[in-house]
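Here the structure is laid out as structure tokens; the discussion comes afterwards.
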Amino acid sequence: MARDLYAYREVALESVPGPHGGLSVQPMAGQAFAPSMRVQCARSMRDPARYPAGTRFLVNAKLTDRLGGRPFLFVYHGDPVVVLTKAQAQAFLAHFRRGRI
Numbered sequence: 069m070a071r072d073l074y075a076y077r078e079v080a081l082e083s084v085p086g087p088h089g090g091l092s093v094q095p096m097a098g099q100a101f102a103p104s105m106r107v108q109c110a111r112s113m114r115d116p117a118r119y120p121a122g123t124r125f126l127v128n129a130k131l132t133d134r135l136g137g138r139p140f141l142f143v144y145h146g147d148p149v150v151v152l153t154k155a156q157a158q159a160f161l162a163h164f165r166r167g168r169i
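Each residue of the sequence shown is one higher than the last, beginning at 69 in our numbering.
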């Protein structure tokens, strides 16, 4: 079955220190998704040697759940990941806020 590309949307994510010593990735505040929402993404995005804590990403993600469980964001591992500067992330979030109804 092919991926439904219309289910994916651009989401700004940020890497933060995780509960078990590693990094985890969460949505940035100011979007439709809560910063506490779980994100399933490529392991390379959570690699502290590659991307230190505080790195911001722009990815295509979709909201999903697994057999009625808690909803989470899914980032396909083969999609491109764009690293954002602080200014680019703020501009993306400002553009997102202007586009809300």
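Quick reminder that beta carbons are idealized off the backbone N, C-alpha and C, glycines included.
Only a predicted model underlies this, so the values are computations on that prediction, with no experimental measurement involved.
Backbone CA spacing between residue i and residue j [nearest angstrom]
i      : j      : result
ALA162 : SER104 : 20 Å
LEU110 : HIS88  : Contrary to the premise, residue 110 reads as Ala rather than Leu in this sequence. Cα to Cα, the separation comes out at about 18 Å.
PRO139 : VAL107 : 9 Å
THR123 : ASP133 : 26 Å
THR153 : PHE101 : 20 Å
GLN94  : TYR144 : 15 Å
ALA159 : VAL151 : 14 Å
Spatial neighbours of residue i in its chain, beta-carbon cut-off 7 Å, leaving aside the 5 residues before and after
i      : result
TYR76  : ASN128, ALA129 and LYS130
VAL149 : MET113, PHE125 and VAL127
PHE142 : GLN108, ALA129, LYS130 and THR132
When the options are compared against residue i, the one with the closest alpha-carbon
i     : options                          : result
GLY90 : ALA102, VAL79, ALA121 and GLY146 : ALA121
Same chain only: Cβ atoms within 6 Å of residue i, ignoring 5 sequence neighbours per side
i      : result
PRO85  : ALA121
ASP147 : ASN128
PRO116 : LEU91
TYR119 : SER83
Spatial neighbours of residue i in its chain, beta-carbon cut-off 8 Å, leaving aside the 5 residues before and after
i      : result
GLN99  : VAL79, ALA80, LEU161 and PHE164
MET96  : ALA80, LEU81, GLU82, PRO103, ARG124, ALA157 and LEU161
GLY136 : none
Residue i - partner residues in DSSP beta bridges
i      : result
ALA155 : Paired residue(s): none; ALA155 is not in a bridge.
ALA80  : LEU126
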